[in-house]
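> First to last, the sequence lines map onto chains A and B.
All the letters of the first sequence, read from the start, carry residue numbers 5 to 262 under my numbering.
All the letters of the second sequence, read from the start, carry residue numbers 5 to 262 under my numbering.
We treat Cβ as the ideally placed atom computed from N, Cα and C, and that holds for glycine.
Keep in mind that this is a model prediction, so the values were computed, not measured.
Protein chains: 2
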Amino acid sequence: MQTAPLHAKTVPAASPLLAGSNPAQALLLTENAALTNGPPLLFQRLTAKEREEVLREGQKRVVYRGKMLFSQGTPHDGIFLIESGRIRVFYIAPSGREITLAYWNAGNFVGGPELFGQGQHVWSGVAATNSVVVHLTGKTLRRLIAQVPAFAIGLIEGLTFKGKCYSALAQMLGTRSVTERLAHLLIHLADTYGVKEEGAIAIGSAFTHADLAHMVGATRQWVTISLKRLQEQGVLKAEKAKIVVYDLEALHVMRGDR
Amino acid sequence: MQTAPLHAKTVPAASPLLAGSNPAQALLLTENAALTNGPPLLFQRLTAKEREEVLREGQKRVVYRGKMLFSQGTPHDGIFLIESGRIRVFYIAPSGREITLAYWNAGNFVGGPELFGQGQHVWSGVAATNSVVVHLTGKTLRRLIAQVPAFAIGLIEGLTFKGKCYSALAQMLGTRSVTERLAHLLIHLADTYGVKEEGAIAIGSAFTHADLAHMVGATRQWVTISLKRLQEQGVLKAEKAKIVVYDLEALHVMRGDR
DNA sequence: GCAAAGGAGGCAACTAATCGACACCTCGGC
DNA sequence: GCCGAGGTGTCGATTAGTTGCCTCCTTTGC
Numbered sequence: 005m006q007t008a009p010l011h012a013k014t015v016p017a018a019s020p021l022l023a024g025s026n027p028a029q030a031l032l033l034t035e036n037a038a039l040t041n042g043p044p045l046l047f048q049r050l051t052a053k054e055r056e057e058v059l060r061e062g063q064k065r066v067v068y069r070g071k072m073l074f075s076q077g078t079p080h081d082g083i084f085l086i087e088s089g090r091i092r093v094f095y096i097a098p099s100g101r102e103i104t105l106a107y108w109n110a111g112n113f114v115g116g117p118e119l120f121g122q123g124q125h126v127w128s129g130v131a132a133t134n135s136v137v138v139h140l141t142g143k144t145l146r147r148l149i150a151q152v153p154a155f156a157i158g159l160i161e162g163l164t165f166k167g168k169c170y171s172a173l174a175q176m177l178g179t180r181s182v183t184e185r186l187a188h189l190l191i192h193l194a195d196t197y198g199v200k201e202e203g204a205i206a207i208g209s210a211f212t213h214a215d216l217a218h219m220v221g222a223t224r225q226w227v228t229i230s231l232k233r234l235q236e237q238g239v240l241k242a243e244k245a246k247i248v249v250y251d252l253e254a255l256h257v258m259r260g261d262r
Numbered sequence: 005m006q007t008a009p010l011h012a013k014t015v016p017a018a019s020p021l022l023a024g025s026n027p028a029q030a031l032l033l034t035e036n037a038a039l040t041n042g043p044p045l046l047f048q049r050l051t052a053k054e055r056e057e058v059l060r061e062g063q064k065r066v067v068y069r070g071k072m073l074f075s076q077g078t079p080h081d082g083i084f085l086i087e088s089g090r091i092r093v094f095y096i097a098p099s100g101r102e103i104t105l106a107y108w109n110a111g112n113f114v115g116g117p118e119l120f121g122q123g124q125h126v127w128s129g130v131a132a133t134n135s136v137v138v139h140l141t142g143k144t145l146r147r148l149i150a151q152v153p154a155f156a157i158g159l160i161e162g163l164t165f166k167g168k169c170y171s172a173l174a175q176m177l178g179t180r181s182v183t184e185r186l187a188h189l190l191i192h193l194a195d196t197y198g199v200k201e202e203g204a205i206a207i208g209s210a211f212t213h214a215d216l217a218h219m220v221g222a223t224r225q226w227v228t229i230s231l232k233r234l235q236e237q238g239v240l241k242a243e244k245a246k247i248v249v250y251d252l253e254a255l256h257v258m259r260g261d262r
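(1) With respect to the beta strand (DSSP E) encompassing H256/A, which residues constitute its N-terminal and C-terminal limits?
(2) Any beta carbon from chain B within less than 8 Å of Y68/A's own beta carbon?
(3) If you reduce the DSSP assignment to three classes, tell me which class S25/B lands in.
(4) I'd like to check one pair, V114/B with I86/B: are the Cβ atoms closer than 8 Å?
(5) Using DSSP with H/G/I as helix, E/B as strand and the rest coil, what is T144/A?
(6) Report buried or exposed for R262/B, applying the criterion of at least 16 other Cβ atoms within 10 angstroms of its Cβ.
(7) Just confirm the distance between the C-beta atoms of G142/A and L73/A, as a whole number of angstroms; I'd bet it's less than 8 Å.
(8) Could you work out which residues of chain B lie near P117/A, taking near to mean beta carbons separated by less than 9 Å?
(9) Tell me whether A38/A sits in a helix, a strand or coil according to DSSP, three-state version.
(10) Report yes or no: is there a C-beta of chain B within less than 8 Å of the C-beta of P98/A?
(11) Looking only at its chain, what residues have a beta carbon closer than 7 Å to the beta carbon of G89/A, apart from the 5 residues adjacent to it on each side?
(12) By Cβ distance below 8 Å, which residues in the same chain neighbour E201/A in space, the five residues on each side in sequence not counted?
(13) Let's test the definition: count the other Cβ atoms within 10 Å of the Cβ of G178/A and tell me whether it reaches 16, buried, or not, exposed.
(14) Can you check whether the C-beta of I91/B is within less than 8 Å of a C-beta belonging to chain A?
(15) Going straight from the alpha carbon of G62/B to that of K166/A, what length do you get?
(16) Here's the rule I'm using: 16 or more other beta-carbon atoms within 10 Å means buried, otherwise exposed. How should P98/A be labelled?
(17) Please identify the residue among M219/B, G198/B, G203/B whose C-alpha is closest to the C-alpha of S209/B.
(18) What's the C-alpha gap between V220/A and L173/B?
(19) Assuming W108/B contacts A30/B (C-beta within less than 8 Å), just tell me the rounded distance between them.
(20) Using alpha carbons as the reference points, say which of F84/B, R101/B, P153/B, L145/B lies closest to V138/B.
(21) Can you check DSSP and say which residues form a bridge with T104/A?
(22) Name the two residues that bound the continuous alpha helix (DSSP H) containing R224/A.
(23) When you compare each of T144/A, A204/A, L193/A to D215/A by their alpha carbons, which one comes out closest?
(24) Return the CA-CA distance between R180/A and R147/A, expressed in angstroms with no decimal places.
(25) Kindly indicate if chain B contains any beta-carbon less than 8 Å away from that of L193/A.
(26) With a floor of 4 residues, list each alpha helix (DSSP H) that falls wholly inside the region 126–193 of chain B, ordered by position along the chain.
(27) If you run the structure through DSSP and keep just helix, strand and coil, what is A204/B?
(28) Which term fits G82/B, buried or exposed, when burial requires 16 or more other beta carbons within 10 angstroms of its beta carbon?
(29) Closest by CA to L46/A, which one among T104/A, V126/A, V152/A?
(30) Using the three-state DSSP reduction, which class does L59/B fall into: helix, strand or coil?
(31) Could you tell me which of D251/B, T212/B, L189/B, A242/B sits nearest to T34/B, measuring between CA atoms?
(32) Please list the terminal residues of the continuous alpha helix (DSSP H) segment that includes V220/B.
(33) State yes or no: is the beta carbon of D251/B nearer than 8 Å to at least one beta carbon in chain A?
(34) Is any beta-carbon of chain A found at less than 8 Å from that of L50/B?
(35) Tell me which same chain residues have a C-beta within less than 8 Å of the C-beta of E184/A, skipping the five on either side of it?
(36) Could you check what DSSP says for F47/A in three-state terms: helix, strand or coil?
Structure, rendered in structure tokens:
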């Protein structure tokens, strides 16, 4: 629960929320079809005036990379709109095993699982990069829903989208082997962050093996072994903080869609 | 997609939706805390007049046990309100592996993943018991949301609840072993459907081993073996169509919460 | 410059879980 | 009565994935 002080010296990049850019909403173990079909971001449904109104109602908060925004088991009230940055939402089981539900980007909201306060967080949120969020309490949310109809619609679509993401994640975890899931994730990363590089695709991700493991629901070691195996097969090459995919087709075959 | 003809002779029990009963909303691999904390059913938020209005807008459909309500890959439009009965929502991977997302009871809605039409079903729905559903198209939904505010709130809460269910399922599948998941499910079944019986709890479920396997994301054989193992340990006794739990505490230990 | 921390990578032992196959049992229909 | 379908019990082979531990390499901070 250590959030960074607001008087900090270095301030993250300015609000893309008001600018209205539309990057991918989230990153998780799922075909990106579900993501590209996502609804417009919550804020894009609003007029400039409405946006200002919403932002005015909330309390701005800066969260530095690695700091917790909210923690599993603590009481919650309302949601956090992500103004800039990226929040990783994850769950830790009693056994210590951890699963990343998703990385949510600017324009979406995190918190929950309830909208209107009461209850405890059943997962945690940590800043994956320096981020700025706007906290809207349950009480404020109720008022905004009544006052700004477009905000209500945006919330409904956001919730529908989250439902899609989580059910897709459950589908993956319930029916695919770890190997298939890793292939899946690599394809997704290549599609989303890949840069073409003379026949190959370079994923310049900042993800560690442990990060990848948490996304596919496996151990760090297994990811290391699998990546090594793929490297031996000539499918890809893992360099530090960079994965170069040579044979995307092979990954598709591993995933089961030829 | 074989729905039963409306002129069928045997008609399922009459609508508990209008009666306003409140059974568990759903059955799935999750601690029942998430379920008991669920919001009031969609219809309980409405006045009798509003209920009638909603029911009038939709098209009633009878689905017999084992018949598909909707199928993965087919285009969809709107949602199905469950008036009576129980619908199993499941996903089949290309490999043939199947995972049950949830059994939804009367009072909830299924379909999706989108509310307002467009797109394809990414999962299937089959009647677990003879059921009556009301189909509301995307167009109708939009109109109802605008006309009946309580309906909009009910939808939001329903969506939030589904999000909770699916994320909890992902948490389970991502961090627990099959054994732990089975223990979890058994505890949940005992809590929900269990009948006290001289120190033991009898679960008179109609679930086959395959049904249980689909819920925990495992194979039928593994469930058979695990149940046998538990029986040898004296934790429970599996009779046909009935499981008697002697040592609930042991299941809690297996699950990891002492 | 050094020390500490965290990540990458490797490896051996182990077990949880799958896969495929088959035999059996029970129930309902003809 | 026989037959077929669907559910259960079991076996052996195989693999997928975990656990625990250890080394090396970077990065960062002092």
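According to the structure data:
(1) DSSP places H256/A outside any beta strand (DSSP E); the residue lies instead in the alpha helix (DSSP H), whose first and last residues are 252–259.
(2) Output row for Y68/A: interface = no.
(3) With a pLDDT of only 37 at S25/B, under the threshold of 50, the placement of this residue in the model should not be trusted; the figure read from the coordinates follows. Reduced to three states, the DSSP call for S25/B is coil.
(4) Yes, these two residues count as a Cβ contact at 8 Å.
(5) Of the three classes helix, strand and coil, the one that applies to T144/A here is helix, per DSSP.
(6) The residue in question, R262/B, is exposed, as its Cβ has fewer than 16 Cβ neighbours within 10 Å.
(7) The beta-carbon separation of G142/A and L73/A, rounded to 17 Å, does not stay under the 8 Å limit for a contact.
(8) Simply A38, T164, F165, G167, K168, S171, A172.
(9) With a pLDDT of 49 at A38/A, under the threshold of 50, the modelled position of that residue is not reliable, and the figure given next carries that caveat. If DSSP states are grouped into helix, strand and coil, A38/A belongs with the helices.
(10) Closer than 8 Å to some Cβ of chain B, the Cβ of P98/A qualifies, so yes.
(11) Counting only residues of its own chain and dropping the five nearest sequence neighbours on each side, G89/A has a CB closer than 7 Å to the CB of P16, A110, A131, T133, N134, S135, V136.
(12) Once the five neighbours on either side are set aside, the close Cβ partners of E201/A are V248.
(13) Looking at its Cβ environment, which holds 16 or more other Cβ atoms inside 10 Å, G178/A is buried.
(14) No, I91/B does not count as interfacial toward chain A.
(15) Taking the Cα positions, G62/B is about 26 Å away from K166/A.
(16) Exposed, since its Cβ has fewer than 16 Cβ neighbours within 10 Å.
(17) For the options M219/B, G198/B, G203/B, the alpha carbon positioned closest to that of S209/B is the one of G198/B.
(18) Each residue's CA atom was taken as its position, placing V220/A and L173/B some 15 Å apart.
(19) Going by Cβ atoms, the distance from W108/B to A30/B rounds to 5 Å, so yes, they are a contact pair.
(20) Among F84/B, R101/B, P153/B, L145/B, the Cα nearest to that of V138/B is on F84/B.
(21) Looking at the DSSP assignment, T104/A forms a beta bridge with F94/A.
(22) That run of the alpha helix (DSSP H) goes 224–236.
(23) The shortest C-alpha to C-alpha distance from D215/A to any of T144/A, A204/A, L193/A is the one to L193/A.
(24) Near 43 Å, if we compare the C-alpha coordinates of R147/A and R180/A.
(25) Cβ-Cβ to chain B under 8 Å: no for L193/A.
(26) Complete alpha helix (DSSP H) runs here, min 4: 142–151, 153–179.
(27) Three-state DSSP puts A204/B in a strand.
(28) The residue in question, G82/B, is buried, as its Cβ has 16 or more Cβ neighbours within 10 Å.
(29) Its Cα nearest to that of L46/A, the residue V152/A stands out among T104/A, V126/A, V152/A.
(30) In the three-state scheme derived from DSSP, where H, G and I count as helix and E and B as strand, L59/B is classed as helix.
(31) In terms of CA proximity to T34/B, L189/B leads the group D251/B, T212/B, L189/B, A242/B.
(32) Start and end: 213–220.
(33) Cβ-Cβ to chain A under 8 Å: no for D251/B.
(34) It does not; no Cβ of chain A falls within 8 Å.
(35) For E184/A, where only same-chain residues beyond five positions count, the Cβ hits under 8 Å are M258, R259, G260.
(36) In this structure, F47/A counts as helix in the three-state DSSP scheme.
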